[in-house]
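Here the structure is laid out as structure tokens; the discussion comes afterwards.
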Amino acid sequence: MNLTEYIESKREEHLSDLFEFLRIPSVSAQSEHKPDIERAAKWVADRLGAAGLDNIEIVPTKMHPLVYGESLHAPGKPTVLFYGHYDVQPPEPLDLWASPAFEPAIRGGNLYGRGTADDKGQVHIHIRALDAIRKTAGKLPINLKVMIEGEEEVGSVSLWDFVNANRARLKADALVVSDTSMLARGVPSITYGLRGLNYYQIEITGPAQDLHSGVFGGAAPNPITILCELFAKLHDSNFRVTVPGFYDDVAKLSKAERKALNALPWKASEFRKTVGAPGLGGEKGFSIVEQLWTRPTLELNGIWGGYTGEGSKTVIPSKAYAKFSTRLVPNQNPDQITRLLGRHIRKLLPKTVKFKLDVHSQGKPWVAPYTHPFFEVARRALEKGFGKRAVFIREGGSIPFVTQMHDTFKVPCILLGFGLPDENAHAPDEHIALENYFGGIKAVAQFYEGLAGL
Ligand code: BES
Ligand code: MN
Ligand code: MN
């Protein structure tokens, strides 16, 4: 039996093993799940061992453990560092799931459950590919280092400490990550660009305490109104961000890249359907693909204040809050964007309120050429695994670790994504298409084998 046949013959086994992984509610943001995080780390370590990796370690950190393992028995062959995350986003709101978030279920060719696409399912693709290579060939034909962290969804707080403390040990010819999406069904994709992310929270304080809106309304400043005015002013009618200097460092897309991106087999009609809104609202003058992958944004992610409970309460609240973020593109500088934004907000807010702007996290964008020979191996592996033509894409999401690794070690970063944009990552009914999960195992196995042939 060859490698692909072997993988095909083990479909039930791949799935039952993945189900075990998915049943562990490894939610990194919620402290009540700390024991589940520990269990998930242990589960990953066990499976890396079973797949034939050595020197497996569950590395304790300030927050959640990360799992490391390696196989270094192919002298003269390439060395790859594979990175993924075993933590998941909180499952809430629970009542919007058709089947429970941590009880995997198959419906209509999809596997449902928190982490199926982001990122346990994709990590599992690699574990199963390694296992298949070991079972068919006996040993791994390349050198591999594997690092699976448990804090990605809360900002990878400890990851960089570990990387810095283990620079020599982690040295590799390329970084491989499966934590992104395919362009569309039937279009295997390699991602060569991601946006960066700056995340903020603002608190606006007006009156020293909540006030009766009849007794004080009309004379006292209302922080909710002022917050709404502020955010209304941060975009113009063409949906451009109004912060002075915001676009100054945005790299202009080359003619060739613009043409290539807009020629991809991508359907606006599908995108509209996935969004499900009566219309779209993007920056004027750019195609949707350009808006999503090559333009920066400023988005409100949450806004609250005052009374939101049952019935009515006539109150002017003392405080109003918002969480918001900017997605950044080359060559915007996260520090500079925070400075510009802070300055602009200070200018826009009236003297009737005070404000506090907190920076939760900052992350640089990433885009890199895909000329290294490994990319050609990856493209061919995807085509073998899926039986379809593979494409090179950029994406709008953020993986700060990829940028850091590329900046610090200058290694090629090969992003083989097996999710789909409509698979509800971070939302209820997250799922992965089974064809992409199985195709992924075949493609990744081909990739690791192919690298040995270079
Ligand atoms: N896997 C995603 C990143 C992603 C999603 C990249 C889709 C490309 C396409 C990752 O787990 C994630 O959710 N990243 C966060 C940022 C992180 C710092 C919390 C994001 O993009 O919002
Ligand atoms: Mn992810
Ligand atoms: Mn995520």
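Residues 16 to 469 in the working numbering are what the sequence shown spells out, letter by letter. Just so you know, even glycine gets a beta-carbon here, dropped at the ideal spot from N, CA and C.
Please find out if some non-hydrogen atom of ligand 1 comes closer than 7 Å to the beta-carbon of residue i.
i           : result
residue 165 : no
residue 37  : no
residue 413 : yes
residue 418 : no
residue 315 : no
residue 212 : yes
residue 431 : no
residue 294 : no
Taking 8 Å as the CB-CB limit, is residue i close to chain C?
i           : result
residue 136 : Here there is only one protein chain, and chain C is not present.
Would you report the Cα separation of residue i and residue j, rounded to the nearest angstrom?
i           : j           : result
residue 334 : residue 356 : 21 Å
residue 133 : residue 347 : 27 Å
residue 377 : residue 269 : 27 Å
residue 225 : residue 361 : 23 Å
residue 65  : residue 56  : 14 Å
residue 459 : residue 137 : 10 Å
residue 50  : residue 457 : 33 Å
residue 394 : residue 192 : 14 Å
residue 169 : residue 249 : 27 Å
residue 469 : residue 433 : 24 Å
residue 95  : residue 463 : 9 Å
residue 401 : residue 195 : 17 Å
residue 279 : residue 439 : 22 Å
residue 199 : residue 455 : 14 Å
residue 465 : residue 392 : 6 Å
residue 316 : residue 24  : 45 Å
residue 387 : residue 113 : 44 Å
residue 41  : residue 365 : 44 Å
residue 452 : residue 140 : 7 Å
residue 323 : residue 228 : 15 Å
residue 234 : residue 336 : 21 Å
residue 422 : residue 185 : 15 Å
For residue i versus residue j, is the C-beta distance shorter than 8 Å?
i           : j           : result
residue 165 : residue 101 : yes
residue 210 : residue 343 : yes
residue 52  : residue 60  : no
residue 197 : residue 363 : no
residue 151 : residue 37  : no
residue 389 : residue 189 : yes
residue 332 : residue 238 : yes
residue 297 : residue 254 : yes
residue 447 : residue 126 : yes
residue 396 : residue 461 : yes
residue 445 : residue 124 : no
residue 33  : residue 163 : no
residue 407 : residue 385 : yes
residue 241 : residue 372 : no
residue 91  : residue 149 : no
residue 93  : residue 158 : yes
residue 409 : residue 208 : yes
Confirm the yes/no value for this check: CB of residue i, any heavy atom of ligand 3, distance under 7 Å.
i           : result
residue 441 : yes
residue 410 : no
residue 168 : yes
residue 104 : yes
Can residue i be considered in contact with ligand 2, in the sense that its beta carbon sits closer than 7 Å to one or more heavy atoms?
i           : result
residue 133 : yes
residue 437 : no
residue 139 : no
residue 446 : no
residue 478 : The question about residue 478 has no answer, for the chain in this structure spans 16 to 469.
residue 100 : yes
residue 225 : no
In terms of DSSP beta bridges, what is residue i paired with?
i           : result
residue 220 : 334, 369
residue 206 : 408, 430
residue 164 : 100
Query raised in the report: In the segment 241-283, which residue ranges form an unbroken alpha helix (DSSP H) of at least 4 residues, counting only runs that do not cross its ends?
Result: 270-277
Query raised in the report: Which whole runs of the beta strand (DSSP E) in the segment 308-367 are 3 residues long or more, in chain order?
Result: 312-320, 334-343
Query - Start-end ranges of the alpha helix (DSSP H) lying completely within the segment 37-83, minimum 4 residues - result: 49-65
Query raised in the report: If you scan the segment 122-150 from start to end, which runs of the alpha helix (DSSP H) of 4 or more residues do you find wholly inside it?
Result: none
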